[in-house]
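This report concerns only the one structure given below.
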Amino acid sequence: MKGLTKKTKNSIKVGLLLFFMIFIYGCGNDEPVQTTLSIQETQWSELGSTTNDPTVLTPLQRGEVVYDSHDTKITIKSVTNNKVVLEIDGYMIEPNDDGSINLNGEPVKKIELTNSQSIELDSQTMSSGFNLQISYE
150 MKGLTKKTKN
160 SIKVGLLLFF
170 MIFIYGCGND
180 EPVQTTLSIQ
190 ETQWSELGST
200 TNDPTVLTPL
210 QRGEVVYDSH
220 DTKITIKSVT
230 NNKVVLEIDG
240 YMIEPNDDGS
250 INLNGEPVKK
260 IELTNSQSIE
270 LDSQTMSSGF
280 NLQISYE
């Protein structure tokens, strides 16, 4: 670091310190978090619908697959006592205000729920499909 000014050297030191702090924090803690995620599935068709009992998961852990059915997989991307971020691999969409489904809409890839929040996701299908009611406590 010869030939550098003191200000430049200090800036480099601060930058390295910030990099390592972000790296260490970004690695995260993979310990289970004592919160609850509830997923209730309803399958529907022109013949009617069937609602399954909710699946209640606790504790929650990053990387855990919480739903894997109907070509849809939901994985916990991150979780704290106040928030869960879910990654969705499948064709799920939030319903319109009138309950209809936008078949051409962009599928939801990630959702973030805070305490006592829930969301409904519907499959992007016409003649039969399913929806999920996901709640975080």
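If you use our numbering, the sequence shown corresponds to residues 150 to 286, in order.
We treat Cβ as the ideally placed atom computed from N, Cα and C, and that holds for glycine.
Being a predicted model, the structure only gives us computed values, none of them experimental.
- Counting only runs of at least 3 residues, the stretch 185 to 237 fully encloses the following beta strand (DSSP E) elements, listed from N- to C-terminal order: 186 to 194, 197 to 200, 204 to 206, 214 to 218 and 221 to 228.
- For Y285, the enclosing beta strand (DSSP E) stretches over residues S277 to Y285.
- One Cα belongs to K232, the other to S249, and the distance between them is close to 28 Å.
- For S267, the uninterrupted beta strand (DSSP E) run begins and ends at Q266 to S272, by DSSP.
- Residue state for I250 is assigned as coil, using DSSP reduced to three classes.
- With a cut-off of 8 Å on Cβ pairs, the stretch 238 to 248 is in contact with the stretch 273 to 282, counting three or more such pairs.
- According to DSSP, residue pairing for T263 in a beta bridge involves K232.
- A direct Cα-Cα distance of roughly 55 Å separates D247 from S160.
- Between T263 and L270, the alpha-carbon positions lie close to 16 Å from each other.
- At a Cβ-Cβ threshold of 8 Å, S198 and Q189 do not count as neighbours.
- Minimum Cα-Cα distance from Q273 among the listed residues P208, S227 and N251 corresponds to N251.
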